[in-house]
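Visitor: Submitted below is the structure of interest, expressed as structure tokens.
In the working numbering, the protein residues as written are 244 to 708.
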């Protein structure tokens, strides 16, 4: 597809300096002017949407429909934050002292570094990047080495913004380390694995540098007897295998009540078996995995599950239908693994690929226990029409998001993020905007009044004796 050179340390330093210079000018603009600039960049993305989507599909293997959708989601995030950034930059408070003015201001961090994964390089850049820009920051985007061409193509739209305000820095781990530890970067947003997220968080902690970490997930999908089974089966197939299962919120734990287990699994495996797999620019539902390393890792996950006693009832490995394209690419069949127990590795880890582990339960309590037993807490799903079960799920599941009969929907106005080992902080919504803003509290006495009620000298009447 192409070759890209890493930047040298000196070049990265120049990028940071340019970003900080541009940020000061950007922050000096009115919120309306910043909004107009962001809207203009969004319009330019829309004009090149098919081009960017094609590059995304070609580089990562994502079906074109999913790539086109992803660029659409990035555009809506840009337009959303362009406007919400105008709503409020602070709050006026009731005073504690008569005649004064007490208020809070929200100020930009400065230069934000956004470190991206390969699975959603466009939309994740804007879930954080658009918020950072709307708040008055500059952004430096460090793309995954597996999706750099896509990120560079997408970033061309930001040529309408002041020079240096949005920059893409190709590179590998050393580049990320330099950006995270740089004295002139002020905020880090990282999306990726738990081990790397811990390293980023530790580095930021040592500098007292704010960070947001979106790490792994292993989302449960509970199906109860009151659910519309065919709808739930279709929803589960989508939630498990969108983007070949390479989604932090994809369904990895399918938890099905015993009373409807056989019927649901018949419907579910029927939908999974019907998925079309192939070249991402053809008429397909599922493409390949991102690279050979991920394919090999995925084969190991399935092999370990089988070794520990699980049963593969659909798929299980590389396609063996004689299609040379599938045989030679990084394809892994959509896979269903049954007879899984919580003591197996597949329960504790993130699968992050085209496989789902199925658990049979006899009660809603058991389902909740399985859902909450994971070290992760990003998203969760429930299919049920029982209001008591819905209420309990919303209140008892330990996760950042709960989808009830509506898997994997996102809303720019609502916060996205996880609990436990899934990370810290929130993207999207007003919380996502505040992620990239400092809070400053002001107390102003325009009359310069004497504060005799607590200044020196203290009254003798208030002494102990």
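Idealized CB from N, CA, C, for every residue including glycine.
Computed from a predicted structure; not experimentally measured.
CA-CA distance, residue 267 and residue 644?
Guide: Those two C-alpha atoms are separated by around 36 Å.
Visitor: Can you name the start and end residues of the alpha helix (DSSP H) that residue 672 belongs to?
Guide: Here the alpha helix (DSSP H) through residue 672 covers 672 to 677.
Visitor: Mind checking residue 371: buried by the 16 CB within 10 Å criterion, or exposed?
Guide: That one is buried.
Visitor: Output the residue ranges of the beta strand (DSSP E) runs that lie fully inside the segment 482 to 519 and measure 3 residues or longer, sorted by chain position.
Guide: 494 to 500, all fully within the segment 482 to 519.
Visitor: Just checking my contact of residue 411 with residue 394 at CB under 8 Å: how many whole Å lie between their CB atoms?
Guide: With 8 Å as the limit, residue 411 and residue 394 qualify as a contact, their Cβ atoms being about 5 Å apart.
Visitor: Determine which residues share a DSSP beta bridge with residue 350 and list them.
Guide: Its beta-bridge partners are 681.
Visitor: Mind checking whether residue 383 and residue 258 have CB atoms under 9 Å apart?
Guide: Closer than 9 Å, so yes.
Visitor: So is residue 700 buried or exposed if we call it buried at 16+ other beta carbons inside 10 Å?
Guide: Exposed, because fewer than 16 other Cβ atoms sit within 10 Å of the Cβ of residue 700.
Visitor: Under 8 Å by Cβ, that's how I've got residue 670 and residue 660 pegged, so tell me the actual separation to the nearest angstrom.
Guide: Their Cβ separation, rounded to whole angstroms, is 6 Å, which keeps residue 670 and residue 660 in contact under 8 Å.
Visitor: Please say whether residue 482 and residue 494 have beta carbons closer to each other than 9 Å?
Guide: A contact, by the Cβ cut-off of 9 Å.
Visitor: Using 8 Å as the threshold, is the segment 422 to 430 in touch with the segment 579 to 598, meaning 3 or more CB pairs across them?
Guide: These segments do not touch.
Visitor: By Cβ distance, which residues of its chain are closer than 6 Å to residue 554, with the 5 residues on each side in sequence left out?
Guide: Correct list, in chain order: 581, 582.
Visitor: Only counting runs of 4 or more residues, tell me where the alpha helix (DSSP H) segments fall wholly within the segment 329 to 399, in order along the chain.
Guide: Whole alpha helix (DSSP H) segments, 4+ residues: 366 to 377, 391 to 398.
Visitor: Indicate the three-state DSSP secondary structure (helix, strand or coil) for residue 290 in the structure shown.
Guide: Reduced to three states, the DSSP call for residue 290 is helix.
Visitor: Based on DSSP bridge pairs, tell me the residues matched to residue 578.
Guide: Bridge partners of residue 578: 598.
Visitor: Going straight from the alpha carbon of residue 260 to that of residue 657, what length do you get?
Guide: Roughly 33 Å between the two C-alpha positions.
Visitor: Buried or exposed for residue 246, please, with buried defined as at least 16 other CB atoms from any protein chain shown within 10 angstroms of its CB.
Guide: Exposed is the call here.
Visitor: How about the segment 354 to 362 and the segment 312 to 329: do they share at least three Cβ pairs that are nearer than 8 Å?
Guide: Contact fails: fewer than three Cβ-Cβ distances are below 8 Å.
Visitor: Among 637, 654, 628, whose alpha-carbon lies nearest the alpha-carbon of residue 471?
Guide: Looking at the Cα atoms, 628 is the closest of the given residues.
Visitor: Whole angstroms is fine: what's the gap from residue 617's alpha carbon to residue 461's?
Guide: If you take the alpha carbons of residue 617 and residue 461, they lie about 7 Å apart.
Visitor: Three-state secondary structure (DSSP) at residue 556?
Guide: Strand at residue 556.
Visitor: Can you give the Cα-Cα distance for residue 638 and residue 606, rounded to whole angstroms?
Guide: One C-alpha to the other measures close to 17 Å.
Visitor: Report all residues from its chain with a CB closer than 6 Å to the CB of residue 685; omit the five preceding and five following residues, and keep chain order.
Guide: So the qualifying residues of the chain are 346.
Visitor: Does residue 603 come out as helix, strand or coil in the three-state DSSP assignment?
Guide: Residue 603: strand per DSSP, three-state reduction.
Visitor: Starting from residue 551, trace the beta strand (DSSP E) both ways and give me its first and last residue.
Guide: Segment: none, residue 551 is in no beta strand (DSSP E) and carries neither H nor E.
Visitor: To the nearest angstrom, report how far apart residue 421 and residue 452 are at their CA atoms.
Guide: The alpha-carbon atoms of residue 421 and residue 452 are separated by roughly 14 Å.
Visitor: Hey, would you say residue 480 sits closer than 9 Å to residue 518, going by beta carbons?
Guide: Their beta carbons are under 9 Å apart, which means residue 480 touches residue 518 by this criterion.
Visitor: Span of the alpha helix (DSSP H) holding residue 434?
Guide: From DSSP, residue 434 is part of no alpha helix (DSSP H) but of the beta strand (DSSP E) over 430 to 434.
Visitor: I'd like to know if the segment 483 to 492 and the segment 592 to 602 are in contact, where contact means that at least 3 CB-CB pairs between them fall below 8 Å.
Guide: They touch, by the three-pair rule.
Visitor: Round the Cβ separation of residue 478 and residue 650 to the nearest angstrom and send it over; I've been treating them as touching at under 8 Å.
Guide: Right, their Cβ atoms sit about 5 Å apart.
Visitor: Between residue 402 and residue 285, what straight-line distance do the alpha-carbon atoms span, to the nearest angstrom?
Guide: The alpha-carbon atoms of residue 402 and residue 285 are separated by roughly 11 Å.
Visitor: Answer with buried or exposed for residue 680, where buried requires no fewer than 16 other C-beta atoms within 10 angstroms of its C-beta.
Guide: That one is buried.
Visitor: In its own chain, which residues sit with a C-beta less than 7 Å from the C-beta of residue 419, not counting the 5 before and 5 after it?
Guide: Result list for residue 419: 358, 385, in chain order.
Visitor: Kindly indicate which three-state DSSP category residue 625 falls into: helix, strand or coil?
Guide: The answer is strand: DSSP assigns residue 625 an E or B state.
Visitor: Tell me, to the nearest whole angstrom, how far the beta carbon of residue 389 is from that of residue 534; I am working on the premise that it is less than 8 Å.
Guide: Contact holds; Cβ gap of about 6 Å.
Visitor: Buried or exposed, going by whether 16 or more other CB atoms sit within 10 Å of the CB of residue 331?
Guide: With fewer than 16 other Cβ atoms within 10 Å, it is exposed.
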